[in-house]
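Visitor: Provided herewith is a single structure, encoded as structure tokens, for subsequent inquiry.
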Amino acid sequence: MNSEIRLLEPSVVWKNFADLNAVPRASKKEERVIAFMKAFGENLELETIIDEVGNVIVKKPASKGMESRTTVVMQSHLDMVHQKNNDTVFDFDTQGIEMFVDGDWVKAKGTTLGADNGLGVATIMAILESKDISHPAIEALFTIDEETGMTGAMGLKEGLLSGGILLNLDTEEDDEIGVGCAGGIDITARIDYKQEVTPEFKTGFQIIVKGLQGGHSGMQIHEGLGNANKIMNRILFEGFRNFGLRISEIDGGGLRNAIPRESNAVVAIDAIHEDAFLMEMALLANTIKLELKTTEPNLIIEVAKCNTPKNLMDLVVQVGLTRAIYAAPNGVYRMSADIPDLVETSNNIARVLVKDGSIHIACLTRSSVDSSKMDLANALQATFELAGCEVEFSGNYPGWQPNMESTILKVMTKLYEDLNNDRPHVAACHAGLECGILGQNYPDMDMISFGPNIKGAHSPDERVQISSVQKFWTFVLEILRQIPEN
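The sequence shown maps to residues 645 to 1130 in the working numbering.
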């Protein structure tokens, strides 16, 4: 199946992408991909370093005649988001990604594709192994754990790199040149509760929310996509208010940086209300579908009888939980007053797990303004603490402030115009890029971000545009040729 990927142009990029996608590389499970990249660099007889946190650095001397140009750091992250559809049988720990060509797009069979950021990694690999591409001295930086904490970028020590320019290949629109990004913070709420034995007169139901698009919780947070956890909570809230619905289990969402697509709950109601409950739930499901018909045309909400659960959540805790999730901000919190159409601050209620007497809620709050980020984080903390939860902040990382006087920005803007007869979109984004973190230990490094068209990142709908990769590759080659003198 992946053999057809290797036939695409530029083949030097696609064959590396196919090789990379054969290696399992979940965040925090990067041992195999680190070994893969180490072997790749050493087989080319290039200086290859693995730092103390697991980042891989491969250094390649300048090609002939380019020795006086500024050394360039080419940077991408090795890990990928592992998400699959519920009906897809796939083991991310042992299997490589199964890819196929669909017109002008490369997709995966029911899983994330790993184009984020595998296409960046593959592009850098192609430069490292090239023998006929003009380029200055290259320091290839392959970071780990970008998707779930950016611990690779945070752990990179000063002094390992000497480059004056950093090209981050992790942007997902091929007409965009990135000059800034949002910072983020993980918010986790937990509470334990006593379970009670389900009374005899109760009957069990399973509620399923599925068919949502999901996607990147930064780049797509403004698109009005449905959040499975918020939808499920609305159903549970109404079910309790109208029928005394009691919760046994909830399992919704997954990774913090992915808008949740699916949620499952097991509940119980008084058996006498069964017919009315099913009728009311059908009406509510239709209402929610109508509200989201434009952005989520494939939304499915199912309510069906199941075995009555043995235990139920403590009622006081249930009431606090559903009210807290209802009140917790989700989606866009504030738009930037300084940059048109830029989301400044947002939150994603990414994970809700209720099982065996324990509640776990995971959010990712993002903002390009640190004070606004913490303001929203405090609002979430207060909301969940009112429900009796313990709230923890972790994984706090800074944003990347734009430098509109950047030398490499001026070079790339002119090159883009010359190559495409159009102006690029120079912008900050609401995603979390590693540039802001890397800049803490390398404050004098001139940084920029760009990449090919990738849609649906962090979801099984992830896809990369073949013609865009060709455009991106041409741009990369021209940038390397035009790197200024030291």
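C-beta atoms are modelled at their ideal positions from N, C-alpha and C, and glycine is treated no differently.
Over the uninterrupted beta strand (DSSP E) stretch that includes Cys825, give me the two end residues.
Guide: Taken as a continuous stretch (DSSP letters only), the beta strand (DSSP E) holding Cys825 covers 820-825.
Visitor: With DSSP run on the structure shown, which of helix, strand or coil describes Gln1084?
Guide: Gln1084: helix per DSSP, three-state reduction.
Visitor: Tell me, please, which residues DSSP counts as bridged to Gly897.
Guide: Looking at the DSSP assignment, Gly897 forms a beta bridge with Arg995.
Visitor: Out of Leu880, Met957, Ala902, Ile903, state which residue places its alpha-carbon closest to the alpha-carbon of Ala929.
Guide: For Ala929, the nearest C-alpha among the options comes from Leu880.
Visitor: Going by DSSP, what residue range makes up the alpha helix (DSSP H) through Gln1025?
Guide: Where Gln1025 is concerned, the enclosing alpha helix (DSSP H) stretches over 1014-1030.
Visitor: Check whether the stretch 851-862 touches the stretch 1085-1104, taking contact to mean three or more Cβ pairs, one atom from each stretch, closer than 8 Å.
Guide: The stretch 851-862 vs the stretch 1085-1104: in contact.
Visitor: Leaving out five residues before and five after Leu785 in sequence, what residues of the same chain have Cβ atoms less than 6 Å from its Cβ?
Guide: The answer, listed in chain order, is Ile701, Val717, Gln719.
Visitor: Go ahead and label Lys703 buried or exposed: buried means 16 or more other beta carbons lie within 10 angstroms of its beta carbon, across all protein chains shown.
Guide: Buried: at least 16 other Cβ atoms inside 10 Å.
Visitor: What whole-angstrom Cβ distance do Ala915 and Thr847 have, given they're in contact under 8 Å?
Guide: The pair is a contact, with the Cβ atoms about 4 Å apart (cut-off 8 Å).
Visitor: Would you identify the three-state DSSP class for Met979, choosing helix, strand or coil?
Guide: In this structure, Met979 counts as strand in the three-state DSSP scheme.
Visitor: Relative to the C-alpha of Ile831, which residue among Leu959, Pro973, Trp749 is closest?
Guide: Nearest option by C-alpha distance: Pro973.
Visitor: Considering just the uninterrupted stretch of the alpha helix (DSSP H) at Ser1112, what are its terminal residues?
Guide: Note, Ser1112: alpha helix (DSSP H), 1110-1125.
Visitor: Rounded to the nearest angstrom, what separates Glu946 and Cys825 at their Cα positions?
Guide: In a straight line, the C-alpha of Glu946 is about 38 Å away from that of Cys825.
Visitor: Between the C-alpha atoms of Val976 and Leu986, what's the straight-line distance to the nearest angstrom?
Guide: Rounded to the nearest angstrom, the two C-alpha atoms are 10 Å apart.
Visitor: Between Ile875 and Val998, is the Cβ-Cβ spacing less than 8 Å?
Guide: It is not a contact, given that the beta carbons lie outside the stated cut-off.
Visitor: Apply the 10 Å Cβ neighbour rule to Asp818 and answer buried if 16 or more other Cβ atoms are within range, or exposed otherwise.
Guide: Buried: at least 16 other Cβ atoms inside 10 Å.
Visitor: Assign Val960 to buried or exposed, taking buried as 16 or more other Cβ atoms, counted over all protein chains shown, within 10 Å of its Cβ.
Guide: Val960 should be labelled exposed.
Visitor: When you compare only the Cα positions, how much space is there between Gly796 and Val697?
Guide: Those two C-alpha atoms are separated by around 6 Å.
Visitor: For Thr692, which of helix, strand or coil comes out of DSSP?
Guide: The answer is strand: DSSP assigns Thr692 an E or B state.
Visitor: Flag this pair as yes or no: are the beta carbons of Thr966 and Asn877 separated by less than 8 Å?
Guide: Their beta carbons are under 8 Å apart, which means Thr966 touches Asn877 by this criterion.
Visitor: Kindly indicate the opening and closing residues of the alpha helix (DSSP H) around Ala1072.
Guide: Here Ala1072 belongs to no alpha helix (DSSP H); instead the beta strand (DSSP E) covers 1069-1073.
Visitor: Leaving out the 5 sequence neighbours to the left and right, which residues in its chain are closer than 8 Å to Asp746 when beta-carbon positions are compared?
Guide: These residues qualify, in order along the chain: Arg1107.
Visitor: How is His860 classed by DSSP in three states: helix, strand or coil?
Guide: Note: His860 maps to strand in three-state DSSP.
Visitor: Between His1069 and the rest of its own chain, which residues show a CB-CB distance below 8 Å, the 5 nearest in sequence each way excluded?
Guide: Within the same chain, His1069 has close Cβ partners Glu817, Asp819, Glu820, Ile821.
Visitor: How big is the Cα-Cα spacing for Glu773 and Pro904?
Guide: Roughly 39 Å between the two C-alpha positions.
Visitor: Note down, one range per segment and in chain order, each alpha helix (DSSP H) of at least 4 residues found wholly within the stretch 911-967.
Guide: Here the runs fully enclosed are 918-935.
Visitor: Roughly how many whole angstroms lie between the Cα atoms of Gln1114 and Ser1038?
Guide: Roughly 39 Å between the two C-alpha positions.
Visitor: Quick one: residues in its chain with C-beta nearer than 6 Å to the C-beta of Pro1042, no 5 flanking neighbours on either side, listed in chain order?
Guide: These residues qualify, in order along the chain: Gly827, Gly1080.
Visitor: Put Ser655 into one of helix, strand or coil per three-state DSSP.
Guide: Ser655 falls in the helix class under three-state DSSP.
Visitor: Please classify Ala1026 as buried or exposed, where buried requires at least 16 neighbouring CB atoms within 10 angstroms.
Guide: Flag for Ala1026 reads exposed.
Visitor: Whole angstroms is fine: what's the gap from Ile865's alpha carbon to Glu988's?
Guide: Those two C-alpha atoms are separated by around 11 Å.
Visitor: State the start and end residues of the unbroken alpha helix (DSSP H) segment that holds Ile741.
Guide: Segment: none, Ile741 is in no alpha helix (DSSP H) and carries neither H nor E.
Visitor: Quick check on Ser1016: buried or exposed, where buried means 16 or more other Cβ atoms within 10 Å of its Cβ?
Guide: Buried is the call here.
Visitor: For Ile831, name the three-state secondary structure that DSSP assigns.
Guide: In the structure shown, Ile831 sits in a strand (DSSP, three-state: E or B).
Visitor: Check whether the stretch 751-770 and the stretch 924-943 touch, using three or more Cβ-Cβ pairs below 8 Å as the test.
Guide: The answer is no - the stretch 924-943 does not touch the stretch 751-770, with fewer than three Cβ pairs under 8 Å.
Visitor: Pull the bridge partners of Lys704 from the DSSP assignment, please.
Guide: BP columns for Lys704 point to Ile782.
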